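Counting from 1, position 338 in the sequence shown corresponds to residue 338 in UniProt numbering; the numbering is continuous, with no gaps. We put the beta carbon where it would ideally sit given N, CA and C, even for glycine. All values reported here derive from a predicted model rather than from experimental measurement.
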Amino acid sequence: MAAVTLSLVQPPCSMCFAGRRLRSVIVIQAQRGNWSKMRFSNLFFSSKVWKITYRSKHSFPDNLLEQVEKCANARLETQSKLISKVAALMEYDDDDVFDQKSDKQVKEELESACKRFPAISLGYSRPVELYSRNRFSEEANRSILKTPNENSFLPTPMPVGWLDPDSLSGTLSSFSPEPLMNVREEISDGSSFTVQTATPEVETTPEEEDSASAQLFLSCTIGSMPGLSKRQSYQLDTCGFHTMRKLLHHFPRTYVDLQNAHLDIEDGQYLIFVGKIVSSKAVRASSSFSFLEVIVSCEVTGRDQTQENLSCSADDKVGKTFYLHLKRFFRGARFTWQPFLNSIQEKHRPGDFVCVSGKVKALRAENHFEMKEYNIDVLRDEDESSLSAQVRPYPIYPAKGGLSPKFLSDVISRALRILPTNMDPLPKEITTIFGLPSLHDAYIGIHEPKNLDEADLARKRLIFDEFFYLQLSRLYQMLQGLGTKLEKDVLLEKFKNPVLNSVYIEDWSTLSKSLVKALPYSLTPSQLSAASEIIWDLKRPIPMNRLLQGDVGCGKTVVAFLACMEVVASGYQAAFMAPTELLAIQHYEQLRDLLEKMEGVSSKPTIGLLTGSTPTKQSRMIRQDLQSGAISIIIGTHSLIAEKIEYSALRIAIVDEQQRFGVIQRGKFNSKLYGASVISKTGSSDSDDTTKADLNMAPHVLAMSATPIPRSLALALYGDISLTQITDMPVGRIPVETHIFEGNETGFKEVYSMMLKDLESGGRVYLVYPVIEQSEQLPQLRAASADLEVISQKFPNYSCGLLHGRMKSDDKEEALRKFRSGETQILLSTQVIEIGVDVPDASMMVVMNAERFGIAQLHQLRGRVGRGTRKSKCLLIGSTANSLKRLNMLGKSSDGFYLANIDLLLRGPGDLLGKKQSGHLPEFPVARLEMDGNMLQEAHIAALKVLGDSHDLEKFPALRAELSMRQPLCLLGD
Ligand SMILES: Nc1ncnc2c1ncn2[C@@H]1O[C@H](COP(=O)(O)OP(=O)(O)OP(=O)(O)O)[C@@H](O)[C@H]1O
Numbered sequence: 001m002a003a004v005t006l007s008l009v010q011p012p013c014s015m016c017f018a019g020r021r022l023r024s025v026i027v028i029q030a031q032r033g034n035w036s037k038m039r040f041s042n043l044f045f046s047s048k049v050w051k052i053t054y055r056s057k058h059s060f061p062d063n064l065l066e067q068v069e070k071c072a073n074a075r076l077e078t079q080s081k082l083i084s085k086v087a088a089l090m091e092y093d094d095d096d097v098f099d100q101k102s103d104k105q106v107k108e109e110l111e112s113a114c115k116r117f118p119a120i121s122l123g124y125s126r127p128v129e130l131y132s133r134n135r136f137s138e139e140a141n142r143s144i145l146k147t148p149n150e151n152s153f154l155p156t157p158m159p160v161g162w163l164d165p166d167s168l169s170g171t172l173s174s175f176s177p178e179p180l181m182n183v184r185e186e187i188s189d190g191s192s193f194t195v196q197t198a199t200p201e202v203e204t205t206p207e208e209e210d211s212a213s214a215q216l217f218l219s220c221t222i223g224s225m226p227g228l229s230k231r232q233s234y235q236l237d238t239c240g241f242h243t244m245r246k247l248l249h250h251f252p253r254t255y256v257d258l259q260n261a262h263l264d265i266e267d268g269q270y271l272i273f274v275g276k277i278v279s280s281k282a283v284r285a286s287s288s289f290s291f292l293e294v295i296v297s298c299e300v301t302g303r304d305q306t307q308e309n310l311s312c313s314a315d316d317k318v319g320k321t322f323y324l325h326l327k328r329f330f331r332g333a334r335f336t337w338q339p340f341l342n343s344i345q346e347k348h349r350p351g352d353f354v355c356v357s358g359k360v361k362a363l364r365a366e367n368h369f370e371m372k373e374y375n376i377d378v379l380r381d382e383d384e385s386s387l388s389a390q391v392r393p394y395p396i397y398p399a400k401g402g403l404s405p406k407f408l409s410d411v412i413s414r415a416l417r418i419l420p421t422n423m424d425p426l427p428k429e430i431t432t433i434f435g436l437p438s439l440h441d442a443y444i445g446i447h448e449p450k451n452l453d454e455a456d457l458a459r460k461r462l463i464f465d466e467f468f469y470l471q472l473s474r475l476y477q478m479l480q481g482l483g484t485k486l487e488k489d490v491l492l493e494k495f496k497n498p499v500l501n502s503v504y505i506e507d508w509s510t511l512s513k514s515l516v517k518a519l520p521y522s523l524t525p526s527q528l529s530a531a532s533e534i535i536w537d538l539k540r541p542i543p544m545n546r547l548l549q550g551d552v553g554c555g556k557t558v559v560a561f562l563a564c565m566e567v568v569a570s571g572y573q574a575a576f577m578a579p580t581e582l583l584a585i586q587h588y589e590q591l592r593d594l595l596e597k598m599e600g601v602s603s604k605p606t607i608g609l610l611t612g613s614t615p616t617k618q619s620r621m622i623r624q625d626l627q628s629g630a631i632s633i634i635i636g637t638h639s640l641i642a643e644k645i646e647y648s649a650l651r652i653a654i655v656d657e658q659q660r661f662g663v664i665q666r667g668k669f670n671s672k673l674y675g676a677s678v679i680s681k682t683g684s685s686d687s688d689d690t691t692k693a694d695l696n697m698a699p700h701v702l703a704m705s706a707t708p709i710p711r712s713l714a715l716a717l718y719g720d721i722s723l724t725q726i727t728d729m730p731v732g733r734i735p736v737e738t739h740i741f742e743g744n745e746t747g748f749k750e751v752y753s754m755m756l757k758d759l760e761s762g763g764r765v766y767l768v769y770p771v772i773e774q775s776e777q778l779p780q781l782r783a784a785s786a787d788l789e790v791i792s793q794k795f796p797n798y799s800c801g802l803l804h805g806r807m808k809s810d811d812k813e814e815a816l817r818k819f820r821s822g823e824t825q826i827l828l829s830t831q832v833i834e835i836g837v838d839v840p841d842a843s844m845m846v847v848m849n850a851e852r853f854g855i856a857q858l859h860q861l862r863g864r865v866g867r868g869t870r871k872s873k874c875l876l877i878g879s880t881a882n883s884l885k886r887l888n889m890l891g892k893s894s895d896g897f898y899l900a901n902i903d904l905l906l907r908g909p910g911d912l913l914g915k916k917q918s919g920h921l922p923e924f925p926v927a928r929l930e931m932d933g934n935m936l937q938e939a940h941i942a943a944l945k946v947l948g949d950s951h952d953l954e955k956f957p958a959l960r961a962e963l964s965m966r967q968p969l970c971l972l973g974d
């Protein structure tokens, strides 16, 4: 907006202060262009001002001042009346304009008034900037001015800058109106002032638009939007709508399916009517309250449902006339000014054809309905009515920070009118490939869709953007970390064709090969290719960030062991972090056994176990060995990332059951940089091409997920992570049978009988409970401790063990050991056994109150059985008949990925990932990961394409600018 020059004329000495201030206020208001608005209402001189304004706008301020001069010499009573009225109209307090104080007081008051109204400056004033401008807004305005006003959904702006009641009403009534667009005009004394005019409609082609400024449009401050008063801008700004982007990203909560009006209208329906304006009346109800009522009569035809004859002949059609009372209310003295009322009244001319949509409320009179929230389009002629009456979705906005949905929807509509068409930072090629609308069309489509398909497509584009910039930023950051163009190309290629990057088993290190030989089974094809992919990564200097996933019991651990062997063979160290002590011990024992069986290796890797329960003296020794390099593979819990642990050359960190750790915990390995002093403990001749450049780098990170994370989630969580999936199960595995029972007498009877049968045939049974102790608050939940006695009595010939999180570490280990060895045949446990526990002889899993667990969690529990050669069963007991439906899904599928997707859909990412991880999920205002995951993949491909074309985005400056404006997202490990 243009700056306004303000000159305060020195008042004549004879003039009383009230006169001086009144005069100042008038001058200011005049120069701001407000005289032409409702601020001067039905005062005795408002009509004069009005006339003067029209007669000779150039002499307007002088004439006004003359009035004030006269007023200054008038009787005090007259003066006082005049000043109060002027003050009320101009939104100033009486005291601002009128007081009778000493000169000193006057001076003080004046100074404070100047502070309140920064537009006022004393003496011979210098120009005052009333509106702050920034480069963006200037540029944007330039493009805004050029943008064709192409949408006719909203009423066109009113002439000469009247506040448009249809677009900014109700809540706006308390706002002071401000110029829509400032145009400088000359006044008689040669100084300039600004008046308000409507947004000019300049037709230009998109090519003519300044594309750079158009792309900056979204970053413009809300204050740069034409047509908003300062107060409105302030309110929007304080409610979080700082920029045009923020405003346009206030999306409709939902769309109401607007129906064409029919003969039977019910209260509260959202309907669309086409009719003729019968009357338009703006009424001043009190000194500070007014309203506008537009009555539209609509002829609606249809078949009378009450008629018995339901044949479809045209003659059966009946017509009804409905009267819609469209109402808008205005609060504030300035809205009661007659010219204002006239103006809003005249905006709706009787006889005009209009299309009205909104929510109807029945009035007492028959066929009369009220609409307080509505949209009204004036149609050019009756013929257009059929076109415009097409059903369209009616957006429903959420309120925000005290701003009403109606106000927000009006402001958004205004913003859409000035949206530059060429504002899209995405290259055209990308939008074409993925069949996306332009950004301009997407904003229009989401806020004012013609139909739900258009809204859907718009939503698709906005979701794509959310995912795309996430992927782009993560890949871009990765590329920035690399030196040469070749390295960057290789990395991008790796993301494009991950399967191509693998190392044949012949090229594995001798250590890895001998581990494979030591295994009591052969690796499945999936395990082999997963290991090959990982080993390919390990041979590169760039730190790997890979997620290894596979269904429960598919054999991920051995793949991770192979990765450890590979780095140890090159003279580095490996760390293997498990979420529980039980699991760490299990892995340690498994690896120790395998190493013992390894043959043909002169020097076997040294391994260590470090957990929270490791005695202090022992843990100190382990720390020293890690620092000196005497230990090559360390297995443990969180202790591995403790501050005081120093590695001599940590090259790979394996995070098992990674969902149990937060992103930060996993990332802590990144601070354990490996240094220049490379050690060699194995004496192996194998070596990867270590160069000076790969020293002092963060270790490779291999995360393993027991709960298969849908790819969409993984991409959203990590963006840059490589995924490796083990898709097949070891041969000979017999699928676990799943049975669902209701937890009533019959159900339990059957469960106990199945248990007995299994125990009699030599099986071992897990009984899983949702809680340890019975609780008064949740008496329906079966508790592990409480049930120990019950189960022992039920199965007197078998011994029972108990395992839960509150037990001491040694006791837990002992309970598991006894179960594994067969000393106990029944293990009552909580979900501590959910992850990783590997007892191949366990053949039955019974889950009490199974509805308390998520689907993915139940799948994990089920995975504790069927790990050996025995046929296994999983019995899920739901508390109520209702809960069985969800549980039945487990009965239907044993595919962990499928079930994880269902869980994602049913419970959302937060529950699936757990608190620790989901806290690091970026926020997606539009996208729902559970539904829109596929698009993440598309966005990933698009980001790779763009970066492939230009590594540093130099070819796409708009994209680069957009990326820098979006919030930077953290990488795994930040
Ligand atoms: N190729 C294979 N053939 C036969 N058995 C295998 C094979 N790979 C692994 N196993 C065995 O399968 C069992 C499960 O393996 P592992 O513990 O690695 O599974 P996992 O993928 O980590 O599952 P979970 O997520 O449940 O821990 C182990 O007893 C392991 O020895």
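query	result
Length-filtered (3 minimum) beta strand (DSSP E) runs lying within the region 525 to 587	545 to 550, 573 to 577
L626 versus K892 - alpha carbon distance	48 Å
3 or more residues per run - each beta strand (DSSP E) lying fully within the region 265 to 290	270 to 286
Residues near E773 in its chain [Cβ-Cβ closer than 6 Å; skip 5 each side]	A783, S785
S705: first and last residue of the uninterrupted beta strand (DSSP E) it sits in	700 to 705
Assigned secondary structure, D377 (DSSP; H/G/I helix, E/B strand, else coil)	strand
Proximity test, C554 beta-carbon vs ligand 1 heavy atom, cut-off 7 Å	yes
Where T238 sits in the DSSP three-state scheme	helix
Straight-line gap, S233 to D377 (C-alpha atoms, nearest Å)	26 Å
For P395 and Y255, believed in contact at Cβ under 8 Å, the rounded distance	6 Å
Residues that A653 bridges to, as DSSP identifies them	A575, V701
DSSP state of T194 mapped onto helix, strand, coil	Interpretation of T194 is limited by its pLDDT of 31, a score under 50 that renders its predicted location unreliable; the figure taken from the coordinates is listed afterwards. T194: strand per DSSP, three-state reduction.
Chain B within 8 Å of T484, Cβ atoms only	No chain B appears in this structure, which consists of one protein chain only.
Bridge-paired residues (DSSP) for C220	Partner(s): none; C220 has no beta bridge.
Cβ neighbours of L959 in the same chain (closer than 8 Å, five flanking residues each side left out)	P425, L426, P427, L472, V946, L953
Contact check, A815 vs G805, beta carbons under 8 Å	no
Beta carbon of F241 nearer than 8 Å to that of I446	no
Sufficient close CB pairs (3 or more, under 8 Å) joining the region 262 to 280 to the region 336 to 355	yes
Any non-hydrogen atom of ligand 1 within 7 Å of D838 CB	yes
Stretch-stretch touch, CB-based, cutoff 8 Å, three pairs: the region 626 to 640 with the region 596 to 613	yes
Nearest residue (CA-CA) to P936, options I534, A415, V552, R461	Reading off the sequence, residue 936 comes out as Leu, not Pro. For L936, the nearest C-alpha among the options comes from R461.
DSSP bridge partner residues for F468 (one or two, in chain order)	DSSP output for F468 lists no bridge partner at all.
Host beta strand (DSSP E) of residue 976 (start-end)	There is no way to answer for residue 976, as the model of the chain reaches only from 1 to 974.
Any non-hydrogen atom of ligand 1 closer than 7 Å to Y521 Cβ	yes
CA-to-CA distance, L523 to Q725, given in whole angstroms	14 Å
Residue range of the unbroken beta strand (DSSP E) whose run includes H348	Note, H348: premise wrong, no beta strand (DSSP E); not H, not E.
Local Cβ density within 10 Å of V318, reported as buried at 16 or more and exposed below that	exposed
Terminal residues of the alpha helix (DSSP H) in which P730 lies	Run containing P730: none; DSSP gives neither H nor E here.
Residue burial classification, I652 (beta-carbon count within 10 angstroms, cutoff 16)	buried
Rounded separation between G268 and G553 - CA only	56 Å
Touch test, the region 399 to 411 against the region 270 to 277, Cβ-Cβ under 8 Å, three pairs minimum	no
Cutoff 6 Å; reference P405; Cβ partners in own chain excluding five residues on either side	Y397, A399
Extent of the continuous beta strand (DSSP E) run through S602	That residue, S602, is in no beta strand (DSSP E); it is neither H nor E in DSSP.
Option nearest S632 by Cα separation, candidates A642, S648, M621	S648
Length of the line joining the Cα atoms of S829 and V768	5 Å
Burial state of R864, where buried means 16 or more other Cβ atoms lie within 10 Å	buried
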